[in-house]
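**Q** FYI, in the working numbering the residues of the sequence shown are 927 to 1249.
Note that beta-carbon positions come from the ideal geometry of N, C-alpha and C, so glycine has one too.
Have a look at this one before I ask anything.
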Amino acid sequence: MLLFSLFRYSQVETILFGVFAAIIFVFLVIDLGFFNKSPKKISTKSALYQSIFWVFVSSIFGYLVYHFDEGYNASIEFFSAYLTEYALSVDNIFVILLILRYFNIKEEYYHKILFWGILGAVVFRGVFIFVGAVVVGEWHWILYIFGVFLVYSGVKIYFEDSDEKIDPEKNPILRLCRKYLPITENEGGGNFLLKESGKWMFTPIFLVVVLVETTDLIFAFDSIPAAFAITQNEFLIYTSNIFAVMGLRAMFFLLAGIIDKFYLLQKGLSLILLFIGAKMLLEIVSYEISPTVSFTVIIVTLTLSIIFSVIIPRKGEQSIADE
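In structure tokens:
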């Protein structure tokens, strides 16, 4: 599917895709093969540097799209899709953190779990995006279904309780693993498998990776249709999506301790999904919202939701402060 899509790219996009693939491959090899051979806790300082690195690299790639590819509109679409995915990743971080805490995973194993989770996301999201591109290419009206789905998701997220507890044990994939695979409670030094009494057993680390992968697939059902609402260019969708996902791990270590402070971000994300879904549905009546307006709405909504989260305390926190 990937090769099929590459044939439809312009020569410039094919070259840029090669640059993108090289960046991702080199980083993954260096990251796992040199910097993190053994389990260790990622410091906030290191996470900050990595977050800045991925934002910088993503911005440079967006500029390359602007300079060498289709110009201003293409770069704006890239950054809009990138920001949307990056913002939606915040909810993903919250769920991943709950999973890790639920299984009492040691912090030195977080890096390995997120590494393999992101590697799976690179593959599975690629399949989702390129299959979606073929489907949309054949049946354009599918986009309107995406639009309805995004509006529904936006409304659902807006009224959802941000403090709602998530029970990993209800995950059907986890249930299947527990039913058919030999599982041990021993973390096994961060390995996926270990030998106990002459029998190979899967560790909790393996189960958590499975949960992280399935969680990412669930979130992809929101983020990928949202990206298709911004642009139908699968090259821009995939590269922006994966650059955001690559920054997810660093952002996880950076925000893990303070993520609860941005309590209004969920409302902001819901408004973005509502806007993107409405934008897609307006195409039915031939009304088109420009990429610049879309980008402005996304970045202003995210910025305001973060600012208001900081300056306006939650009701519970306000009550405690008054006492």
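From residue 956 to residue 937, what does the alpha carbon distance come to, in whole angstroms?
**A** Counting from 1 along the sequence shown, the entry for residue 956 is found at position 30. Counting from 1 along the sequence shown, the entry for residue 937 is found at position 11. Their Cα atoms are separated by approximately 29 Å.
**Q** Are the segment 1135–1151 and the segment 1043–1056 in contact at 8 Å, needing three or more beta carbon pairs?
**A** Segments in contact, yes.
**Q** Output the residue ranges of the beta strand (DSSP E) runs that lie fully inside the segment 1072–1154 and measure 3 residues or longer, sorted by chain position.
**A** DSSP runs (the beta strand (DSSP E)) wholly in the segment 1072–1154: 1119–1122 and 1125–1128.
**Q** Got a sec: does the ligand FMN put a non-hydrogen atom nearer than 7 Å to the Cβ of residue 944?
**A** With respect to the ligand FMN, the structure shown offers nothing to examine, as it has no ligands at all.
**Q** Counting only C-beta atoms, is residue 1171 closer than 8 Å to chain C at any point?
**A** The chain labelled as chain C is not found in the depicted structure, where only one protein chain is given.
**Q** Identify whether residue 976 lies in helix, strand or coil by the three-state DSSP scheme.
**A** Indexing the sequence shown from 1 puts residue 976 at position 50. If DSSP states are grouped into helix, strand and coil, residue 976 belongs with the helices.
**Q** Expressed to the nearest angstrom, what Euclidean distance is found between the alpha-carbon atoms of residue 1181 and residue 974?
**A** Reading the sequence shown from its first residue, position 255 is the one you call residue 1181. Reading the sequence shown from its first residue, position 48 is the one you call residue 974. Each residue's Cα considered, the two are about 10 Å apart.
**Q** Based on Cα-Cα distance, which residue from 1117, 1122 and 1021 lies nearest to residue 1132?
**A** As a working note, residue 1132 is residue 206 in the sequence shown. Closest by alpha carbon: 1117.
**Q** Quick one: grab the DSSP three-state call for residue 1174.
**A** Residue mapping note: residue 1174 aligns to position 248 of the sequence shown, counting from 1. Three-state result, residue 1174: helix.
**Q** Quick one: Cα of residue 1158 to Cα of residue 1209, how far?
**A** Against the sequence shown, residue 1158 aligns to sequence position 232. Against the sequence shown, residue 1209 aligns to sequence position 283. Rounded to whole angstroms, residue 1158 to residue 1209 spans 13 Å at the Cα level.
**Q** With a threshold of 16 other CB atoms inside 10 Å of the CB of residue 1098, please say whether the residue is buried or exposed.
**A** Your numbering for residue 1098 matches position 172 in the sequence shown. Classification for residue 1098: exposed.
**Q** Which residues in the same chain as residue 1214 place their Cβ atom closer than 8 Å to its Cβ, once the five residues preceding and following it in sequence are excluded?
**A** Residue numbering aside, residue 1214 sits at position 288 when the sequence shown is read from its first letter. Correct list, in chain order: 1208.
**Q** How about residue 1152 and residue 1200: do their beta carbons lie closer than 8 Å?
**A** Stepping through the sequence shown from its first residue, residue 1152 is reached at position 226. Stepping through the sequence shown from its first residue, residue 1200 is reached at position 274. Their beta carbons are not under 8 Å apart, which means residue 1152 does not touch residue 1200 by this criterion.
**Q** If residue 1166 sits next to residue 1008, beta carbons under 8 Å apart, how far is it from one beta carbon to the other, in whole angstroms?
**A** Translated into the one-based positions of the sequence shown, residue 1166 becomes position 240. Translated into the one-based positions of the sequence shown, residue 1008 becomes position 82. Right, the Cβ-Cβ distance comes to about 4 Å (below 8 Å), so this counts as a contact.
**Q** Measure the alpha-carbon distance for residue 1178 versus residue 1074 and round it to whole angstroms.
**A** As a working mapping, residue 1178 is identified with position 252 in the sequence shown. As a working mapping, residue 1074 is identified with position 148 in the sequence shown. So the two alpha carbons sit approximately 30 Å from each other.
**Q** Report the rounded CA-to-CA distance for residue 1105 versus residue 1119, giving the unit in angstroms.
**A** For the purposes of this step, residue 1105 is identified with residue 179 of the sequence shown, where counting begins at 1. For the purposes of this step, residue 1119 is identified with residue 193 of the sequence shown, where counting begins at 1. So the two alpha carbons sit approximately 17 Å from each other.
**Q** Could you pull out every residue in the same chain whose Cβ sits closer than 7 Å to the Cβ of residue 1078, ignoring the five residues on either side in sequence?
**A** Your numbering for residue 1078 matches position 152 in the sequence shown. Cβ neighbours of residue 1078 beyond the five flanking positions: none.
**Q** Below 8 Å between beta carbons: does that hold for residue 1195 and residue 1022?
**A** Indexing the sequence shown from 1 puts residue 1195 at position 269. Indexing the sequence shown from 1 puts residue 1022 at position 96. Contact: no.
**Q** Per DSSP, what kind of secondary structure is residue 999 in: helix, strand or coil?
**A** To locate residue 999, count along the sequence shown from 1; it is residue 73. Helix, per DSSP.
**Q** Can you look up residue 968 in the DSSP assignment and give me helix, strand or coil?
**A** For this step, residue 968 is matched to residue 42 along the sequence shown. Coil, per DSSP.
**Q** Pick from 1002, 1053, 1103 and 970: whose alpha carbon is nearest that of residue 1168?
**A** Along the sequence shown, one-based indexing puts residue 1168 at 242. Looking at the Cα atoms, 1053 is the closest of the given residues.
**Q** For residue 1011, name the three-state secondary structure that DSSP assigns.
**A** If you number the sequence shown from 1, residue 1011 lands on position 85. Three-state DSSP puts residue 1011 in a helix.
**Q** Quick check: the Cα distance between residue 1176 and residue 982, rounded to an integer number of angstroms?
**A** Counting from 1 along the sequence shown, the entry for residue 1176 is found at position 250. Counting from 1 along the sequence shown, the entry for residue 982 is found at position 56. So the two alpha carbons sit approximately 13 Å from each other.
**Q** Quick one: grab the DSSP three-state call for residue 937.
**A** Taking the sequence shown and counting its residues from 1, the one referred to as residue 937 is at position 11. Note: residue 937 maps to helix in three-state DSSP.
**Q** Give me the residue from 1004, 999, 1108 and 977 with the minimum Cα distance to residue 987.
**A** On the sequence shown, position 61 is the one that residue 987 refers to. Answer by Cα proximity: 1004.
**Q** Report the three-state DSSP secondary structure of residue 1216 (helix, strand or coil).
**A** Taking the first residue of the sequence shown as 1, we reach residue 1216 at position 290. Looking at residue 1216 - three-state DSSP - the assignment turns out to be coil, as it is neither helix nor strand.
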